[in-house]
Amino acid sequence: MPLREECLWEKLTPQRPENTALTGEITVDVCVIGAGFTGLSAAVHLLEQGKRVAVLEAHRAGHGGSGRNVGLVNAGLWIPPDDIEAGFGEAVGSQLNRMLGAAPALVFSLIDKYNIDCQLRREGTLHMAHNARGEADLRSREEQWKRRGAPVELLTGQACAEATGTSKIAAALLDRRAGTLNPMAYTSGLAKAATDLGGQLFDHSPVTRLERQDQRWSVQTAQGSVLAEQVVIASNAYTEGDWTELRRNFFPGYYYQVASTPLTDEAARRILPGGQGSWDTRQVLSSIRRDKDGRLLLGSLGNGNRKPTWFLKAWADRVQQHYFPYLKSVEWECTWTGCIAFTPDHLMRLFEPAPGLVAVTGYNGRGVTTGTVVGKAFADYLCHGNAQALPIPFAPMQPLAGVGLRSCLYEAGFSLYHAGQCLRIVI
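Numbering (full-length UniProt numbering), first residue to last: 1 to 427.
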């Protein structure tokens with residue numbers, strides 16, 4: 001069957017909210033730019049504290065990375081917690097580890113509070129070691145997280161094989177804090193919660209200008225403007241236009257996914273039978289999960305939009321046959337790609353370029369939980385002015401050199417690795 005270029009999560013979220021474009025001028029307390037995890041979390045938490053909020057989205061809620069990611073509700077960052085504390089210092093690093101360690105619980109609480117139907121599973125996630133070096137890394141991560149009281153466990157032997165459904169993985173780190181969801185449905189649920197709380201959401205309203213007017217900010221679009229005392233820039237990797245310096249503080253990377261048709265035979269039930277999502281320890285990693293209908297979803301770093309569908313099918317076949325050779329022929333149904341905001345050290349950045357104006361970038365692929373946490377933190381900071389509510393201190397904006405070159409080099413490396421997988425030179 002032909003491989004369709006379509007985001008599965010959009011297909012599985014038929015009740016996506018749709019709002020009109022902004023026309024005319026409105027006045028609110030806070031204007032949020034971007035209707036993804038961060039912006040909608042900020043909006044919900046601001047509205048809960050009595051603020052008048054308008055959200056401007058250039059497309060529709062969840063259009064960007066929020067609706068296109070893997071849907072892993074992970075704790076922490078890609079970087080081990082000891083490295084985070086070494087980089088930020090013990091005080092800041094320990095606060096960041098604490099807040100992001102509790103991030104899945106925050107996501108779960110919002111889902112429960114607002115009755116969001118997003119196919120949530122709370123059985124954890126599995127970080128899978130693809131070789132001895134990867135296993136050593138996971139053993140180190142297990143020790144670091146256990147030292148901080150986290151419910152993690154390194155599975156080996158038969159327990160690992162049963163949990164992952166493959167004999168190609170010697171060890172897997174089970175993080176019971178985590179889970180999986182349909183990210184588009186989660187985003188849509190946050191958008192509905194925001195409007196139910198009295199927030200104003202506007203689709204198809206890209207920002208064209210942001211300027212200070214007396215004691216307020218003027219956020220302008222093609223057909224209207226928002227006057228607000230405070231502004232949250234939550235557009236991250238999907239920042240468009242030259243109205244902000246934010247887009248020069250990260251370099252874009254990409255992540256593609258390929259989804260099969262629903263797999264319902266007995267053999268397919270061996271794959272991640274506990275309902276966890278997973279990813280491996282390769283430098284160019286592969287993610288593996290199932291959806292509510294039994295589809296197999298494979299993903300990896302790289303821009304699938306720039307690859308022919310036969311290449312993506314060949315890559316998916318290679319990964320599937322390596323990890324799950326017992327499956328019968330798998331038909332691949334659809335593929336999609338999302339954009340990621342990368343930073344050179346793989347750490348996010350919070351900015352306050354002017355009083356009443358906050359921004360964030362650099363989730364480096366951890367948007368579901370990190371975006372939700374940062375959105376809440378921004379709301380608390382704007383309402384109370386307490387910088388302790390933030391996971392890390394604000395940093396000055398420092399545009400990166402060679403943004404385009406960095407993106408090209410990353411993409412070239414990813415594509416070369418995937419070509420090697422298709423040719424069975426590497427796995």
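For each residue, glycine too, the CB sits at the ideal point set by N, CA and C.
Cβ separation of residue i and residue j, assumed to be a contact under 8 Å, to the nearest whole Å
i      : j      : result
Pro183 : Trp9   : 6 Å
Thr370 : Asn249 : About 16 Å; that fails the 8 Å criterion.
Leu297 : Arg289 : 5 Å
Tyr326 : Gly299 : The Cβ separation is near 21 Å, so there is no contact.
Phe99  : Val373 : For the sequence presented, residue 99 should be read as Met rather than Phe. The pair is a contact, with the Cβ atoms about 6 Å apart (cut-off 8 Å).
Gly274 : Ala163 : 6 Å
Arg68  : Cys160 : Arg68 to Cys160, Cβ: 30 Å. No contact.
Asn352 : Phe394 : The residue asked about is misnamed: residue 352 is Glu in this sequence, not Asn. Yes, Glu352 and Phe394 are in contact; Cβ-Cβ is about 4 Å, under 8 Å.
Lys168 : His322 : 6 Å
Reduced DSSP secondary structure (H/G/I, E/B, other) of residue i
i      : result
Ala316 : helix
Arg122 : coil
Thr370 : helix
Cys383 : helix
Gln144 : helix
Met397 : coil
Ala129 : strand
Gln200 : strand
Glu10  : helix
Arg139 : helix
Leu301 : strand
Glu5   : strand
Pro391 : coil
Tyr363 : coil
Pro252 : strand
Leu110 : helix
Gly179 : strand
Leu190 : helix
Boundaries of the alpha helix (DSSP H) in which residue i is found, first to last residue
i      : result
Phe414 : Val403 to Cys422
Ile33  : Premise fails: Ile33 lies in the beta strand (DSSP E), Gly24 to Ile33, not in any alpha helix (DSSP H).
Gln220 : No alpha helix (DSSP H) holds Gln220; the beta strand (DSSP E) holding it covers Arg216 to Thr221.
Gln95  : Glu90 to Gly101
Gly65  : Gly65 to Arg68
Val44  : Phe37 to Glu48
Neighbourhood of residue i by C-beta distance below 6 Å, restricted to the same chain and skipping five residues each side
i           : result
Lys192      : Pro17
Trp145      : Val152
Ala43       : Val32, Val53, Val55, Ala194 and Gly199
Thr309      : Leu3
Arg147      : none
Arg295      : Ala259, Ser260 and Pro262
Gly93       : Ile84 and Glu85
Leu12       : Asn182
residue 428 : The shown model of the chain, from 1 to 427, leaves out residue 428, and the question about it has no answer.
Glu135      : Ala129, Ala170 and Ala171
Arg270      : Gly165
Span of the beta strand (DSSP E) around residue i
i      : result
Glu153 : Val152 to Thr156
Thr208 : Val207 to Gln213
Glu245 : Element bounds for Glu245: n/a, residue is neither H nor E.
Val231 : Gly224 to Ile233
Asp291 : Per DSSP, Asp291 belongs to no beta strand (DSSP E) and is neither H nor E.
Val55  : Val53 to Leu56
Leu174 : Ala171 to Asp175
Residues near residue i in its chain [Cβ-Cβ closer than 7 Å; skip 5 each side]
i      : result
Tyr363 : Asn236, Ala341, Met348, Thr370 and Gly371
Gly224 : Leu22, Thr23, Gly24 and Glu25
His346 : Trp78, Ile79 and Asn364
Gly241 : Pro206, Val207 and Thr208
Val107 : Val73, Val368, Thr369 and Thr372
Thr343 : Phe250, Arg349, Gly362 and Asn364
Cys422 : Phe311, Ala314, Trp315 and Arg318
Thr264 : Gly294
Pro81  : Asn97, Gln144, Trp145 and Arg148
Ala222 : Thr208
Met397 : Glu245, Asn249, Phe351 and Pro353
Minimum Cβ-Cβ distance from residue i to chain B less than 8 Å
i      : result
Phe351 : In the structure shown, chain B cannot be found, because there is only a single protein chain.
Residues near residue i by beta carbon distance below 8 Å, same chain, minus five either side
i      : result
Glu229 : Asp29, Val30, Gln215, Arg216, Trp217 and Gly356
Ala185 : Trp9, Leu12, Thr13, Ile116, Asp117, Cys118 and Gln119
Gly124 : Leu174, Asp175, Arg176, Arg177, Ala178, Gly179, Gly274 and Gln276
Asp291 : Leu8, Leu12, Gln119, Asn182, Ala259 and Leu297
Glu142 : Val152, Glu153, Leu154 and Leu173
Near the ligand HEM: residue i beta-carbon under 7 Å from a heavy atom
i      : result
Asp345 : Absence of the ligand HEM from the depicted structure is noted, as is the absence of any ligand whatsoever, leaving it without description.
Alpha helix (DSSP H) segments (min. 4 residues) lying fully within the stretch 256 to 288: none
Those runs of the beta strand (DSSP E) which lie wholly inside the stretch 308 to 357 and span at least 3 residues: 332 to 342 and 349 to 354
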